[in-house]
Every structure is written in C-alpha cells, then in structure tokens.
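One point on numbering: in the UniProt record's numbering, the residue at position 105 of the sequence shown is 105, and numbering is uninterrupted.
Beta carbons: idealized from backbone N, C-alpha and C, even for Gly.
Predicted, not measured: the structure shown is a model, and the values here were computed from it.
Take a look at the structure below.
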Amino acid sequence: MQTVTTPTLPLPLQRYRLFESHDMDEARESVARVFCPHGLVMLRPRTELDACHHSARLNRDVSLNYVQYGPGVQIDPGYLQDFFLLQIPLRGGAEIRCGAQRVDATPRLASLPSPTEPLSMRWADDSPHLIVQLARSALHSRLESLLQAPVGQPLVFDLGVPLDNPALAPLVHFIDYLRLTLDAGNALQAGSPLAEHAEAYLMSSLLMSAGHNYSRALAGDAKRRLLPRVVRKAQEYMAAHADEPLSLADVCREVGCSARALQVAFRQHAGQGPMEFLREMRLDRVRAELQASAGAPEGGVREVAQKYGFLHLGHFAAQYRARFGERPSETRGLRAL
C-alpha cells in the first residue's frame, strides 16, 4: 500500500530567511541585528529552542518579519527607540507590557508597542509572529504630512490592535497582500517605486485606523478634507476677500470651474450655495466688528455694513436679524450693558 505524504507548507517569508538555530545566544544576537539588543530567556528551562527569523525590507522604512522561538520565551527589549513594531501572533499568544499598558495578544488582537515606552514580552509555546517594523522617524513624518502640522509630543499607539475591527480590515488585508507578494517573489523588489508606494500606504493606513494619541486630531482634519478641493478653495478665497466686491464669476475664475459645477458642489457638500456662504460669512464679520466697536457713532452700522457689500440697509437689517435674532444696533449696545 502506497503511503501518501502531505507536503510541508513553507513558513511565511521563507525566501528571506536570516537564520535558523537551536542556540539561545545565536538567536538573540541574530534577532538583535535587525531589531535591537534584548534579553531572551526560556520560560521553561531545559527545553530546546527552535528559532528562526525571516525578514523582507520593502523600501527604506518598513520591513515584514516572521519570527518563531518554539517553546515559550521572555523577551525584554526595553525601549525600542527608533522603530515601532506591529506584532501579529499567527497562533498561540503573548503577554505584552509597554509602559502602563498591558495586553494578551492573540491572532485577533495584535500588539503595537511604542518606542518611547519600556517593552517586555512573554511569548507562549508555539506562538510564531508576523511582525511589521516601521521606522519611527518615517512614521512621524507621515503623521505630520497627514496633519499638515508639526508633531510636538511623541506618537504613542494603543497597545492592543483589534484585527477584527472593520476599520482595520484594509490594513490587515494589505499586510497579507504584501506577505503573499513577497512570498511569491513578485514585483516588490526593495527600493522599487512600488515598494516605496507600499510603505507610504501602509504607514498612512496604520495612522488612520489604529488608535493613538493623535487619532482625534486626524479624525477632525479628515472631516475638513472631505470637502472637495474646489469647495475648500472657494471658501478660502471668499474668506480672504470678504470685504471686496465679489461675484460668482470671480470665484469660479479663481477656482477654475463653471458656475453650475461650483453650485452643485456647494449644495452637495456644504449644504448651501457659494453666494449664501459668502453672505453668511460677511454677516458674521459685520457682527464681530459691531461687537468690537460698541458705543461707536450712529453711522457705525451703515459704514460696517457697506464695507462688506450690504448696500441696501433695509435688506441688510432683515438678513442680520434672521441670522442673529437681533437688530444691528442692538449688537452695538451689547458690550455697553
């Protein structure tokens, strides 16, 4: 009777093998060359290590790694300093402590320790990990690019990353795509334009979907960016020229689109037409100046209104009262009361 043997599946990223070893010192030194110096001890003495490390670099700032130790181990890197690690147990689990945070990582809950917090880990028996290493400087630069502002405080992620969260699905699928592509040896040669774009997308996706101390700032900025560029540009132009004569044609000429297209974009994304936006902004400017000049001469209301293009004072007063619930003259007296 012929025996049927099941072929052994290759380990992830096997074509990028760095080492395989049963020796503790060799494993520690080899892993340290890619990551950083760290303590490594067996959780159960007199067990045989079965360690290997596969590492594939994308461009300059991101690498995908497969690391296994076999029996359970205690790993103490301390401060990572220069990089972040997104650590995904492929099976088994690990207890991760980073600063004041602690998680029990599983294949559904990855860990993302931050380099400015001390890190300590206990990997359980048979708990190989897929690890994405990201350069700290590159991730900070990407964050500043997304915020369009300098970053003052260090970036600190939530230690636990729930991989079954729908918001993280694009990131999880993209990491899997990268691993499969690297395993097949296709297209992602280190330093290629495709690898460079892959790094940029991976970092942006991580920043936009995983929790961290800049998540609220990113979410607020994302809402602003939801407005189409033509609407934002028109709003900025009208704000800068609110005290000048402006027609719809002037705004369209500045942003480079037709009047119909601009009106449709404003209605869909700002809930009002462009000239309604301009009128309300001008009314707001008038109110601010009236409040700042309480006690001005009687002609003050007329002068401020005409400055912002309200030439018919009766219509202006009606529009002002509809927006603010009071007459312009009452606004002038509010500070005096």
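With the rule of 3 Cβ pairs closer than 8 Å, the segment 86-95 does not count as touching the segment 51-64. Straight-line measurement puts the Cα of Val172 at about 10 Å from the Cα of Ser205. The alpha-carbon separation between Asp104 and Ala94 amounts to approximately 6 Å. Taking the CA atoms as reference points, Asp125 sits about 24 Å from Leu80.
The shortest C-alpha to C-alpha distance from Pro37 to any of Ala100, Leu119, Tyr177 and Asn213 is the one to Leu119.
Contact between Ala242 and Tyr308 holds, since their C-beta atoms are separated by about 6 Å, short of 8 Å.
Taking 8 Å as the cut-off, the beta carbon of Gly211 is found no closer than this to the beta carbon of Asp250.
Under a 10 Å Cβ-count criterion, Glu326 is classified as exposed, with fewer than 16 other Cβ atoms of the shown protein chains found around its own Cβ. At a Cβ-Cβ threshold of 8 Å, Ala305 and Val286 count as neighbours.
A distance of 8 Å or more separates the beta carbons of Leu278 and Pro328. If you draw a 10 Å sphere on the C-beta of Val301, you find 16 or more other C-beta atoms in it, and that means buried. Put simply, of Ser215, Met281, Pro228 and Arg267 the residue whose alpha carbon is nearest the alpha carbon of Met238 is Met281.
A distance of 8 Å or more separates the beta carbons of Asp76 and Arg136.
Spanning the alpha carbons of Gln101 and Pro107 requires a straight line of approximately 19 Å. Take Ala234, set aside five residues on each side of it, and the residues of its chain with a beta-carbon closer than 7 Å to its own are Val251, Val255, Leu262 and Pro274, in chain order.
The residues Tyr69, Gly72, Val73, Ile75 and Ala94, in chain order, have a CB closer than 7 Å to that of Trp123 in the same chain once the five nearest residues on each side in sequence are set aside. Residue pairing by DSSP places Pro162 opposite Leu109 in a beta bridge. As a beta-bridge residue in DSSP terms, Pro89 pairs with His129. Taken through DSSP and simplified to helix, strand or coil, Tyr66 comes out as strand. Residue nearest to Glu330 within the set His315, Ser293 and Leu311 is Ser293 (criterion: CA-CA distance). Look at Arg327 here: in three-state DSSP terms it is coil, with no helix or strand label. Distance from the Cα of Arg229 is smallest, within the candidate group Cys257, Pro128, Leu248 and Ala240, for Cys257. Nearest in C-alpha terms to Ser111, of all of Gly160, Gly99, Glu144 and Ala138, is Gly160. Cβ neighbours of Leu147 within its own chain (closer than 8 Å, five residues either side excluded): Tyr214, Ala217, Leu218 and Asp221. Per DSSP, Asp76 is one residue of the beta strand (DSSP E) stretching across Val73 to Gly78. Taking a C-beta distance under 8 Å as the contact criterion, His140 and Val156 do not qualify as a contact pair. Taking 8 Å as the cut-off, the beta carbon of Ser209 is found closer than this to the beta carbon of Ala167.
Contiguous alpha helix (DSSP H) elements confined to the segment 189-247 occur at 193-209, 215-225 and 229-240, taking only those with 4 or more residues.
For Cys257, the three-state secondary structure derived from DSSP is coil. Here DSSP, grouped into helix, strand and coil, assigns Asp104 to strand. Under the DSSP definition of a beta bridge, Gly39 partners with Asp76.
Leu194 and Leu134 have their alpha carbons spaced roughly 17 Å apart. In the DSSP assignment, Arg285 falls within the unbroken alpha helix (DSSP H) covering Pro274 to Ala292.
Between Arg179 and Leu130 the beta-carbon gap is near 7 Å, inside 8 Å, which marks them as a contact.
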